[in-house]
Amino acid sequence: MVLYDDVVGVKEPYINCNRLSEYKPISKTHKVKPKILIVADSHGRNFSEAIKKACGTDSYDVVTIFKPNAGLDDVVVDLDSLAADYSREDCVVVLGGSNNALRNGKINLSKLQSIKRVSCFTNVLLVSTPYWPGSFDLNKCIYNFNQLVFEKIVRDNDVKYVDCN
Numbered sequence: 002m003v004l005y006d007d008v009v010g011v012k013e014p015y016i017n018c019n020r021l022s023e024y025k026p027i028s029k030t031h032k033v034k035p036k037i038l039i040v041a042d043s044h045g046r047n048f049s050e051a052i053k054k055a056c057g058t059d060s061y062d063v064v065t066i067f068k069p070n071a072g073l074d075d076v077v078v079d080l081d082s083l084a085a086d087y088s089r090e091d092c093v094v095v096l097g098g099s100n101n102a103l104r105n106g107k108i109n110l111s112k113l114q115s116i117k118r119v120s121c122f123t124n125v126l127l128v129s130t131p132y133w134p135g136s137f138d139l140n141k142c143i144y145n146f147n148q149l150v151f152e153k154i155v156r157d158n159d160v161k162y163v164d165c166n
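Just add 1 to the spot in the sequence shown (first one is 1) and you have our numbering.
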């Protein structure tokens with residue numbers, strides 16, 4: 002049996018409280034890269050590669066979710082949950098609408114409200130629906146569709162709009 006008096010040379014650990022400020026938590030020294038979320042129909046399939054090439058692969062975390070044959074309302078249906086942890090340092094890019102134009106421009110505007118909600122806490126970039134070469138009637142429908150989306154979603158909201166035509 003060892004008694005306290007028998008232990009020789011054991012000292013209590015000494016903590017210098019004046020030096021504690023020199024130690025930084027890992028979370029402050031670890032820099033988090035801004036995030037870019039791209040939600041798109043099939044036209045956005047290779048868009049993330051273009052973003053990575055333009056911005057650099059080490060600058061941003063880029064995630065692309067594309068839904069082939071989806072309308073714009075279906076492209077953004079999960080936007081609230083996908084961008085829930087985003088901040089003003091991050092960005093959401095929305096590409097879609099070509100399939101709506103093919104369906105005579107029909108769209109469920111209530112489903113597009115997620116774009117407005119997400120724009121309250123992160124940057125949202127909405128890209129217009131591109132024209133189809135050589136199709137006057139379809140391009141007229143696309144023009145009207147782009148006008149409708151601009152009026153209902155972009156105007157008076159914190160959503161940036163890029164006209165790609």
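We put the beta carbon where it would ideally sit given N, CA and C, even for glycine.
- Asp62 carries a strand assignment under DSSP once its states are collapsed to helix, strand and coil.
- Pairing Asn124 with Asp138, the inter-Cα distance amounts to about 33 angstroms.
- By a beta-carbon distance limit of 8 angstroms, Leu113 contacts Leu73. Their separation comes to about 7 angstroms.
- DSSP links Val163 through a beta bridge to Val128.
- Between the alpha carbons of Ile154 and Ser99 lies a distance of about 17 angstroms.
- Annotation: Lys141 to Lys32 spans about 47 angstroms, alpha carbon to alpha carbon.
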